[in-house]
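Numbered per our numbering, the sequence shown spans residues 62 to 431.
For glycine and all other residues, C-beta sits at the position ideal for the given N, C-alpha and C.
Please read these numbers as outputs of a predicted model, since none were measured by experiment.
So the structure is just underneath, and the comments pick up after that.
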Amino acid sequence: MAALAPSLAAARRLVVKIGSALLVGPEGLNAEWLRGLCDDVAEWRRRGTDVVLVSSGSIALGRRVLDLAPGALPLEQAQAAAAVGQIRLARAYEEALAPHGVKTAQVLLTLEDSADRRRYLNSRATMQTLLGLGVVPIVNENDTVATDEIRYGDNDRLAAQIAVTCGADQLLLLSDVDGLYTANPKTDPTARHLPVIARLTPQIEAMGGDPVSGLSKGGMKTKLMAARTAIAGGCAMAIAEGSVMRPLSAVANGARASWFLPEGDPQAARKRWIAAMKPKGSLMLDDGAAQALRRGKSLLPAGVRAVTGDFGRGDPVSICGPGGETLGTGLARYTAAEARRIAGHRSAEIETILGYPGRAALIHRDDMAL
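Here you go:
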């Protein structure tokens, strides 16, 4: 029995990637298309879906303002164009969503922000807070500071990482192609469109070649790399042609797309990731804290009896019961030195003890695998 494609209309948390070619044309910002996209975003928000937009376009907008020559830009000029374009890009989304009563935020990231566990936790906490407040984050690579060694290099992979970071269940890559084909349909009349990919096999990955239109920066190969990241994180991913008006509605209403099915769900995938880590220390709990964790609560400092090891913020630590038995693994929100100081104390006392405000939980329930 053939696997069924997920329903975009049923997404609980949706990440949408928008490429430069969709947003910026020869005359500048494609304002009408952007309004249509934002009409869709507002509709999904009204349905109760959290939405994150990963948007290219800052360099394309900035280079027009600075009147830079066509073609590839030197790094310094590209960063300058990004600095000028980022504020215009954020303002464009803000103005398009404001009539719907939707608030926006700009989030600029680099590869280091996900590779470094401490920065990853900071990014995750900020995204979760924004979404909890009903805000639509507008995410882009921080091109004003990113150099080759700390770049994603394309927003397909950045979008996949964002989807995993914020626990999205669906990722939509709006592209200049309507999905994955067995070959390039422009040159091979026997090429078949693949509507659902249940498993990302080496044969499927081998189908990733150059983009059909030549407009996409990353091409199909980077989209398949994004798919691997997304589905491993429990997130379904779709590739769809995005130039139509109201592209989210088009996909939800049956427009051609290629769906990659996830391996489990986002929460289970995150728990597996945490459980596989090698702990750098341990926390021994009292009986009350151990019982609270079993009921799905976060670990508060008051329930910690002892701290061992030398770990930093974001490092994995063993969570041990009052008899020394291992209950699970979690990502610490404090360093070992900080944890020792606040162990046994109420969360309200943290600022007085450390001299600065901290997070209420020593390990948040989303960051532990029991």
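Nonlocal neighbours in the same chain, by C-beta distance under 6 Å from V312, ignoring five residues either side: Position 251 of the sequence shown, counting from 1, holds the residue named residue 312. The answer, listed in chain order, is L69, A301 and A318.
8 Å contact criterion, which T243 and L235 should meet: CB distance rounded: Translated into the one-based positions of the sequence shown, residue 243 becomes position 182. Translated into the one-based positions of the sequence shown, residue 235 becomes position 174. That belief does not hold up - the Cβ atoms of T243 and L235 are roughly 22 Å apart, past 8 Å.
Exposure label - T248; buried when at least 16 CB within 10 Å: Taking the first residue of the sequence shown as position 1, residue 248 is located at position 187. Around the beta carbon of T248, a 10 Å sphere encloses fewer than 16 other beta carbons of the protein chains shown; the residue is thus reported as exposed.
Distance, M281 Cα to V273 Cα: As a first step, residue 273 is located in the sequence shown; it is residue number 212 there, counting from the start. As a first step, residue 281 is located in the sequence shown; it is residue number 220 there, counting from the start. With a pLDDT of 41 at V273, under the threshold of 50, the modelled position of that residue is not reliable, and the figure given next carries that caveat. Taking C-alpha positions only, V273 is separated from M281 by approximately 9 Å.
With 16 other Cβ atoms within 10 Å as the buried cut-off, status of V196: The count along the sequence shown starts at 1 and reaches residue 196 at position 135. Buried: at least 16 other Cβ atoms inside 10 Å.
Euclidean distance between Cα positions of M62 and V365: As a first step, residue 62 must be located in the sequence shown, where it is residue number 1. As a first step, residue 365 must be located in the sequence shown, where it is residue number 304. The predicted position of M62 is uncertain, since its pLDDT is 47 and thus under 50; a value taken from the coordinates is nonetheless stated next. Whole-angstrom Cα-Cα distance: 51 Å.
Where the alpha helix (DSSP H) through K284 begins and ends: As a first step, residue 284 must be located in the sequence shown, where it is residue number 223. Annotation: the continuous alpha helix (DSSP H) that includes K284 extends over G280 to A293.
Chain-order list of residues whose beta-carbon lies under 8 Å from that of R218 (same chain, five-residue window excluded): Counted from its first residue, the sequence shown places residue 218 at position 157. G279, T283, M286, A287 and T290, listed in sequence order.
Minimum length 3: unbroken beta strand (DSSP E) runs contained in the region 321-371: The region 321-371 contains these whole beta strand (DSSP E) runs: 342-346 and 365-370.
Reduced DSSP secondary structure (H/G/I, E/B, other) of H254: Indexing the sequence shown from 1 puts residue 254 at position 193. DSSP places H254 within a strand segment (E or B) once states are collapsed to three.
Beta-carbon gap between L95 and A157 smaller than 7 Å: Numbered from its first residue, the sequence shown carries residue 95 at position 34. Numbered from its first residue, the sequence shown carries residue 157 at position 96. For L95 and A157, yes; Cβs fall inside 7 Å.
Cα-Cα separation, A64 to L322: One-based indexing of the sequence shown puts residue 64 at position 3. One-based indexing of the sequence shown puts residue 322 at position 261. Roughly 9 Å separates the two Cα atoms.
The region 395-409 contacting the region 325-335, beta-carbon criterion three pairs below 8 Å: With a cut-off of 8 Å, the region 325-335 and the region 395-409 do not count as touching, because too few Cβ pairs lie within range.
Close beta carbons around G349, own chain, < 8 Å, minus the five adjacent residues each side: Within the sequence shown, residue 349 is the residue found at index 288, counting from 1. Counting only Cβ-Cβ distances below 8 Å, and skipping sequence neighbours, we find G364.
Boundaries of the alpha helix (DSSP H) in which T413 is found, first to last residue: As a working mapping, residue 413 is identified with position 352 in the sequence shown. For T413, the uninterrupted alpha helix (DSSP H) segment begins and ends at I411 to L415.
Three-state secondary structure (DSSP) of R125: Taking the sequence shown and counting its residues from 1, one reaches residue 125 at position 64. Annotated three-state conformation of R125 is helix, per DSSP.
V113 vs P250 beta-carbon contact at 7 Å: As a first step, residue 113 must be located in the sequence shown, where it is residue number 52. As a first step, residue 250 must be located in the sequence shown, where it is residue number 189. It is not a contact, given that the beta carbons lie outside the stated cut-off.
Status (buried if at least 16 other CB within 10 Å, exposed otherwise) for M306: The residue given as residue 306 occupies position 245 in the sequence shown. Label assigned to M306: exposed.
Residue environment, E210, which counts as buried when at least 16 other CB atoms sit within 10 Å: Taking the first residue of the sequence shown as 1, we reach residue 210 at position 149. A caution first: E210 carries a pLDDT of 46, below 50, which makes its placement in the model unreliable, though a value can still be read off. When all chains shown are included, E210 counts as exposed.
Burial state of P362 (16 or more Cβ within 10 Å): Start at 1 with the first residue of the sequence shown, and residue 362 comes out as number 301. Within 10 angstroms of the beta-carbon of P362 lie 16 or more other beta-carbons, which makes it buried.
Rounded separation between H406 and R106 - CA only: Counting from one through the sequence shown, the residue named residue 406 turns up at place 345. Counting from one through the sequence shown, the residue named residue 106 turns up at place 45. When rounded, the distance between both Cα atoms is 40 Å.
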